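The sequence shown begins at 0 in numbering that gives the first Met the number 0 and counts up one residue at a time. Ideal Cβ positions, reconstructed from N, Cα and C, are used throughout, including at glycine. A quick note: this is a predicted structure, and the numbers were derived from the prediction, not measured. Okay, structure first, notes after.
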Amino acid sequence: MPAIRSVATGTSKRPFIVGVMGGAQADEAAMRTAYRLGELIAGRGWVLLNGGRNAGVMDASARGAAEHGGLTIGILPDATPDQASAYVRVPICTGMGSARNSINVLSSDVVVACPGGAGTLSEIALALKHGKSVITIGYDARPCFGNDDYAHRLFEAASAEEAVAIIEKRFSLTEEESIRLG
């Protein structure tokens with residue numbers, strides 16, 4: 000497993016968590032982007048957190064991370080892991096339905112939103128409301144959320160590579176911040 004990158008939280012370090020949000024119904028381009036995003040997240044030693052299901056952006060991003068040695072966490076809407084992606088290493092069953100979107104964004108250090116529907120838009124809104132940075136890939140959410148309160152935390156990327164570059168710049172992540180999971 001690659002080194003897991005960390006962030007300082009008070010007196011301790013914990014892994015840097017990238018929330019990847021997106022639709023269960025996704026076209027091939029979105030799936031390729033989500034897979035590549037998962038691959039890049041794993042390559043940086045970050046943890047990938049998503050909605051955990053075996054469909055669309057969730058499955059593709061988890062597969063990209065898992066196939067490249069990354070740690071994947073899935074926050075499932077159901078009370079059982081029956082619908083979990085096979086690529087989610089840590090499935091967390093909530094039984095909360097869409098209310099689990101709050102857990103998704105609040106547990107993430109940054110949110111990357113791939114194309115999706117109302118659930119993805121709710122995750123973007125919750126993330127911005129709670130002071131999280133959000134990077135969209137493949138669409139511009141600024142018409143919905145681009146007011147002065149959120150504009151400095153809402154970014155648009157054309158690719159997975161650009162999204163990761165924004166994260167690295169925004170959070171000033173360096174190799175010195177790396178730790179290994181025991």
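Residue i in three-state terms, based on DSSP
i	result
proline 14	strand
threonine 32	helix
arginine 43	coil
arginine 179	Low confidence applies here, because arginine 179 scores a pLDDT of 35, under 50, leaving its location unreliable and the question unanswered by this model.
alanine 112	strand
alanine 78	coil
alanine 83	strand
glycine 37	helix
glycine 96	helix
Any non-hydrogen atom of the ligand FAD within 7 Å of residue i CB
i	result
isoleucine 136	As far as ligands go, the structure on display features none, and thus does not contain the ligand FAD.
Identified DSSP bridge partners for residue i
i	result
leucine 105	Leucine 105 is not bridged to any residue.
proline 90	Gly73
arginine 52	Ala83
Limits of the beta strand (DSSP E) - the one that residue i falls within
i	result
asparagine 49	46-49
Residue i, buried or exposed, once every other Cβ within 10 Å from all chains shown has been counted against 16
i	result
valine 46	buried
proline 142	exposed
glutamate 160	exposed
glutamate 167	exposed
leucine 75	buried
leucine 105	exposed
threonine 135	buried
glutamate 122	buried
valine 133	buried
alanine 247	The question about residue 247 has no answer, for the chain in this structure spans 0 to 181.
Run of the alpha helix (DSSP H) containing residue i, from where it starts to where it stops
i	result
glycine 22	Glycine 22 -> no alpha helix (DSSP H), and no H or E assigned at all.
alanine 64	55-65
Task: Whole alpha helix (DSSP H) elements within the region 119-175, 4-residue minimum - done: 141-144 and 159-170
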